[in-house]
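Note that the protein sequences, when read in sequence, are chains B and F. Counted from 1, the first sequence has number 171 at position 172 by numbering that gives the first Met the number 0; the numbering is strictly sequential. Counted from 1, the second sequence has number 507 at position 508 by numbering that gives the first Met the number 0; the numbering is strictly sequential. Just below is one structure, and these are the notes that go with it.
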Amino acid sequence: MTMGAQVLAFARSREEEDSFAEVFNEHHRRAVRLAYLLTSDHHQAEDVVAEAMAKVWVQWQRGRVDDVGAYLRRAVANQANSRLRRRYLERREASRRTGDDRGVRMVDDQTVEHDVVWQAIQQLPDRQRQVVVLRYYEDLSEADTAEVLGVSAGTVKSSMSRGMARLHDLLSDEGAAHQGGEA
Amino acid sequence: MNDRELEDRIRASLQARAGDVQPTPALWERVSDRVTRRRRWQVLVGTLSGAAAVVALVVGIGFVLSQPTVPTIDPFDPAPPAPGVTVASTVVTTDGESLFEVDPATGEVLHELPAFEGFAEGVIVGDVAVRPGSGDELVVAVVIGLEGQAWEIEVMTFAADRALVDRLRVPGPRGPDTYAAAPMDPMIDAFPPTVAWSPDGTSIAWVRINDEDVQDVRLTVLTLDWAGLSPGELPTPVDRGGADSTAHMRMQAWAGTTDAPQFWMTMVGGGEVVLEGSSWRYDALGMEGGTVIDVAFHRTGTLLALVARPGDGQDAESATLELIADPMSDTQRTIPVPDGLFPDGTASPVDGWIEAAGDHVAVGFGDRGVLLALVGDTVEDLEVIGTVELPAGTRAAGIARVDRTGSPTIPQPGPTDDPTEEDLPGDELGMANPGATYLVVGVAFDDTLNVRRGPGPEFEVVTELQPTGAATATGRDRLVDSGLWFELEVDGVTGWANSVFLAQDASTQDLTSSVIDANDGQRPTASTMEELGLAVAELVEPAGGEEAPVQHVIVTPPTVGDLGEVTVDVVGLPDDSVLGWRLVIFATPTDDGFTLSSVEGTVLCRRGVSDGLCL
């Protein structure tokens, strides 16, 4: 391939980018919302979606994506999962440093929360929260949720069961028992 | 509440929450940026085989040189420092919008280098080229991409305190008039130009694109009078030998002397180019199956090449990077890159860079911001001394050896006067309770909490609080990037501290029986008081695991007398009212260690206290 041909090939991929913009327009809003429900952080949610979209692009421009929405959902869930893991490690690392320059925990502290259901969902462990969000926001079946998260259907089932039991406890008395018990 | 009602409430809540979330307009730019990087990689990998043909075409025209000569001048590794002078490596990074000076040992940002006019008008593209100035000055050259596809070179001198003291701005590889008449070239757009310092630090070089025809290229050397920063241009007309591929060269390194320079460039799509005098030489550096991402010269004059090789997936995710010393010789050596640098495979090796200064070599990896530091007097001695996380978003960096004289040579940034109400950064939230006493929480016993002149880590430290100290809130607060800060009064001194380390205390309870119950009815034992304290904390609220970001922090050193005693803070409970517990643990010494005697827990509150309960 001559360099001229390379330039042409690259220009073609620019045209693809324009076309990919249409894909973006169709799917990005829902993806950002899902990412937010999984991370509770708008900035992180956009970061998750940007990375997920780029992964989609790699497969999309090779013609390997039949259902962009499903592929993107899976990429978002995976990205959000690794971000949560990283955030936790960062917190642990931060606790070992002198630091009035921290702020990671503040993101959570600042969440002024009026919606008691959302507050309860945020208290769920990550895996339980993921299955609840995918089930009740994305309306996914257990099998589809398992595929998106890359875990077994049994894991989804048990996580959902524990998550719903916890939400039931938290919401039955709107959290009063939870706080009163510790204070 | 039955299951159906619960499900309906969950659905309604998630829909309402999601409905409040609106993507920002910048999201597409972030997606586009990432896509562009992956596309670059595809062009590189996809043209490797083609590159061999290009090289074969031009090799017959070029003039083959011998091995690179050893630089005779090396101001990057100055003479042994005078007494009292510390020479240290420093790294300047960019995220495309700002420049940061970073300590390569820790990854800590020492300074954000002051913005200059170019920042307002464009973004930093390509590499960051750094060299030491006189004393502990720092000189940084970058290429600025301006609106309309024009580029300019900015050379900035920063004083010891990193104030911008001098600045040179010259037309870059494409001036504003140039590009207006020329068609868009997507290859050049994706592979921005780079600059290189001469080994003696007096000149910079880059590939200039001819005004009339973007396919016609000449190498232009900009010479820089160091004393007066007065530029003089020394165009070096070059016969391209009929190879149009030169349009896509990137300047990588400058070897030899200023009078007898060697310019090392890489061609997009593979193949490396050396220019000595007015003669080109083309070579592939023997990197069969790989692409040279960047090159640098070790102090000994040995070429170091950073090479990306496509992995099984032929994409950026599966690619690997190699650092190869002396690649043109039979004795080339691959310096292993430690395993596990990219555990989740998200690196984009095409964005890698390599820089050398003195006996230090630094390798950076894409916007992951990982820095791999190597050191060695000779290439044979080069050893990996560690990896450091650079600031997130780092795209490129340069390294230099600078004098650090006395202590501290880099003054504490930030204002030295108390900021007035109007000058305070951030937003007021009204979360601090005026007159309330706040405990310092979650700070380890061998650490302290800084109290600063203003709300943010950029302000000077005015005093420190001990891990079990306390202070009175004035009621002023500010939400800034680093968190929510409270203004405090500490022994007559007023200052600001990050509220993440502050809490109000509520009631104290005897938790002994609860802890014993949680331990299957047994009194916990351990060989040391420290271990016992952490074991008790674990029983009160488990730490660790992704699902419970709770931290256990020992806030007083363990003491041992008739009874052992230790205090542990348990903080980070997933609750917007209760932050955690302060546990005071007493134990009886035994032959094997310690057995829990009693444990008292004080509830720590995030927002406030009323009648002994957290608000």
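We put the CB at the ideal spot given by N, CA and C, even for glycine.
Please compile the residues from chain F whose C-beta is within a distance smaller than 8 Å of the C-beta of Ala171/B.
Working through the first sequence from its first residue, we reach residue 171/B at position 172. Ala is not the amino acid found at residue 171/B; the sequence shown has Ser there. Met0, listed in chain order.
What residues are listed by DSSP as bridge partners for Glu107/F?
Counting from one through the second sequence, the residue named residue 107/F turns up at place 108. According to DSSP, which records beta bridges pairwise, Glu107/F is partnered with nothing at all.
Counting along the chain, where does the alpha helix (DSSP H) carrying Ala538/F start and finish?
As a first step, residue 538/F is located in the second sequence; it is residue number 539 there, counting from the start. Sequence inspection shows Leu at residue 538/F; the Ala mentioned does not correspond to that position. Per DSSP, Leu538/F belongs to the alpha helix (DSSP H) from Met528 to Val539.
Which of helix, strand or coil does DSSP assign to Ala443/F?
Translated into the one-based positions of the second sequence, residue 443/F becomes position 444. Here Ala443/F sits in coil by DSSP.
So which residues on chain A does Tyr136/B lean against when the C-beta distance must stay under 8 Å?
The structure shown contains no chain A; its protein chains are B and F.
Who are Gly615/F's beta bridge partners in DSSP?
Any answer about residue 615/F is impossible in this case: the structure gives chain F only from 0 up to 614.
Does DSSP classify Val514/F as helix, strand or coil?
The residue you call residue 514/F lines up with position 515 of the second sequence. Helix.
Let's test the definition: count the other Cβ atoms within 10 Å of the Cβ of Thr93/F and tell me whether it reaches 16, buried, or not, exposed.
The count along the second sequence starts at 1 and reaches residue 93/F at position 94. It counts as buried.
Out of curiosity, what's the CA-to-CA distance linking Arg130/F and Ile123/F?
The sequence position of residue 130/F within the second sequence is 131, counting from 1. The sequence position of residue 123/F within the second sequence is 124, counting from 1. Distance between the alpha carbons of Arg130/F and Ile123/F: 18 Å.
Tell me whether His42/B is buried or exposed, calling it buried when 16 or more other Cβ atoms sit within 10 Å of its Cβ.
Position 43 of the first sequence, counted from the start, is the residue given in the question as residue 42/B. Under this definition His42/B is an exposed residue.
Do you know whose CA, among Ala254/F, Gly125/F, Arg161/F and Asp610/F, lies nearest Thr201/F's CA?
As a first step, residue 201/F must be located in the second sequence, where it is residue number 202. Answer by Cα proximity: Ala254/F.
Ordered along the chain, which non-local residues of its own chain (more than five positions away) have a Cβ less than 8 Å from that of Ala128/F?
Taking the first residue of the second sequence as position 1, residue 128/F is located at position 129. Result list for Ala128/F: Val139, Ala140, Val141, Thr193, Val194, Ala195, Trp196, Ile203 and Gly397, in chain order.
Quick one: residues in its chain with C-beta nearer than 8 Å to the C-beta of Arg128/B, no 5 flanking neighbours on either side, listed in chain order?
By one-based count along the first sequence, residue 128/B stands at place 129. Here the set comprises Leu37, Ile120, Gln121 and Gly162.
Here's the rule I'm using: 16 or more other beta-carbon atoms within 10 Å means buried, otherwise exposed. How should Asp446/F be labelled?
Here residue 446/F corresponds to residue number 447 of the second sequence, with the count starting at 1. Buried, by the Cβ-count rule.
Answer yes or no: do Asp480/F and Leu428/F have a C-beta to C-beta separation smaller than 8 Å?
Here residue 480/F refers to the residue found at position 481 of the second sequence. Here residue 428/F refers to the residue found at position 429 of the second sequence. Cβ atoms of Asp480/F and Leu428/F: not closer than 8 Å.
Drop a sphere of 10 angstroms on the beta-carbon of Ser32/B, count the other beta-carbons inside from all chains shown, and report buried for 16 or more, exposed for fewer.
To locate residue 32/B, count along the first sequence from 1; it is residue 33. Sequence check: residue 32/B is Arg here, not Ser. By the 10 Å Cβ count, Arg32/B comes out buried.
Could you please give the first and the last residue of the uninterrupted alpha helix (DSSP H) stretch that includes Leu501/F?
Residue mapping note: residue 501/F aligns to position 502 of the second sequence, counting from 1. From DSSP, Leu501/F is part of no alpha helix (DSSP H) but of the beta strand (DSSP E) over Leu501 to Asp509.
Please name the residue, chosen from Gln521/F, Gly351/F and Val20/F, that lies closest to Leu371/F on a Cα-to-Cα basis.
As a position in the second sequence, residue 371/F is number 372, starting the count at 1. Answer by Cα proximity: Gly351/F.
What distance in whole Å lies between the Cβ atoms of Asp293/F and Ile353/F, which are believed to be in contact at a cut-off of 8 Å?
Position 354 of the second sequence, counting from 1, holds the residue named residue 353/F. Position 294 of the second sequence, counting from 1, holds the residue named residue 293/F. Between Asp293/F and Ile353/F the Cβ distance is about 5 Å, and since that is below 8 Å, they are a contact.
Do Val147/B and Ala76/B have their beta-carbon atoms positioned less than 8 Å apart in this structure?
Stepping through the first sequence from its first residue, residue 76/B is reached at position 77. Stepping through the first sequence from its first residue, residue 147/B is reached at position 148. Yes, Cβ-Cβ distance for Ala76/B and Val147/B is below 8 Å.
DSSP three-state call for Leu603/F: helix, strand or coil?
In the second sequence, residue 603/F corresponds to position 604, counting from 1. If DSSP states are grouped into helix, strand and coil, Leu603/F belongs with the strands.
Give the secondary structure of Val165/F by DSSP, where H, G and I count as helix, E and B as strand, and everything else as coil.
Position 166 of the second sequence holds residue 165/F. The amino acid occupying residue 165/F in the given sequence is Asp; Val does not appear at that position. The answer is strand: DSSP assigns Asp165/F an E or B state.
Report the neighbours of Trp253/F on chain B: residues whose CB is nearer than 7 Å to its CB, in chain order.
Locating residue 253/F in the second sequence gives position 254, where the first residue counts as 1. Residues of chain B passing the Cβ test: none, with the nearest at roughly 24 Å.
Taking Gly162/B as part of the beta strand (DSSP E), name the residues at either end of that continuous run.
Counted from its first residue, the first sequence places residue 162/B at position 163. Counting along the chain, Gly162/B falls outside any beta strand (DSSP E), though it belongs to the alpha helix (DSSP H) covering Ala152 to Ser171.
Output yes if chain B places a C-beta closer than 8 Å to the C-beta of Val362/F; else output no.
Locating residue 362/F in the second sequence gives position 363, counting from the first residue. False, the Cβ-Cβ gap to chain B never drops below 8 Å.
When you compare the CB positions of Val439/F and Gly482/F, do they come within less than 8 Å of one another, or not?
Counting from 1 along the second sequence, the entry for residue 439/F is found at position 440. Counting from 1 along the second sequence, the entry for residue 482/F is found at position 483. No; because the gap between Cβ atoms is not below 8 Å, this pair is not in contact.
Mind checking who His297/F pairs with in its DSSP beta bridge?
Here residue 297/F corresponds to residue number 298 of the second sequence, with the count starting at 1. None; His297/F has no bridge partner.
Based on Cα-Cα distance, which residue from Leu71/B, Asp46/B, Thr154/B and His167/B lies nearest to Val57/B?
In the first sequence, residue 57/B corresponds to position 58, counting from 1. Comparing Cα positions, the closest option is Leu71/B.
To the nearest angstrom, report how far apart Gln355/F and His551/F are at their CA atoms.
Counting from 1 along the second sequence, the entry for residue 355/F is found at position 356. Counting from 1 along the second sequence, the entry for residue 551/F is found at position 552. Going by the sequence as given, residue 355/F is Ala instead of Gln. So the two alpha carbons sit approximately 42 Å from each other.
For Gly95/F, which option in Arg29/F, Val514/F, Asp376/F and Thr156/F has the closest C-alpha, if you only look at C-alpha atoms?
On the second sequence, position 96 is the one that residue 95/F refers to. Residue Arg29/F is the option with its Cα nearest to Gly95/F.
Please go through the same chain and pick out, in chain order, the residues whose beta-carbon is closer than 7 Å to the beta-carbon of Ser596/F, but skip the five residues on each side of it.
Here residue 596/F refers to the residue found at position 597 of the second sequence. Within the same chain, Ser596/F has close Cβ partners Leu562, Phe585, Ala586 and Thr587.
Identify the continuous alpha helix (DSSP H) that holds Arg10/F and give its terminal residues.
Here residue 10/F refers to the residue found at position 11 of the second sequence. Element bounds for Arg10/F: Asp2 to Gly18.
Taking the alpha helix (DSSP H) that Arg128/B falls in, what are its first and last residues?
Residue numbering aside, residue 128/B sits at position 129 when the first sequence is read from its first letter. Asp125 to Tyr135 is the extent of the alpha helix (DSSP H) around Arg128/B.
Taking just the CA atoms, how far does Ala435/F sit from Thr156/F?
As a working mapping, residue 156/F is identified with position 157 in the second sequence. As a working mapping, residue 435/F is identified with position 436 in the second sequence. Distance between the alpha carbons of Thr156/F and Ala435/F is about 48 Å.
When the distance is taken between beta carbons, is Pro22/F closer than 8 Å to Arg82/B?
For the purposes of this step, residue 82/B is identified with residue 83 of the first sequence, where counting begins at 1. For the purposes of this step, residue 22/F is identified with residue 23 of the second sequence, where counting begins at 1. No, Cβ-Cβ distance for Arg82/B and Pro22/F is not below 8 Å.
Among all the DSSP beta bridges, which residues are the ones paired with Glu146/B?
Stepping through the first sequence from its first residue, residue 146/B is reached at position 147. Glu146/B pairs with nothing; no bridge assigned.
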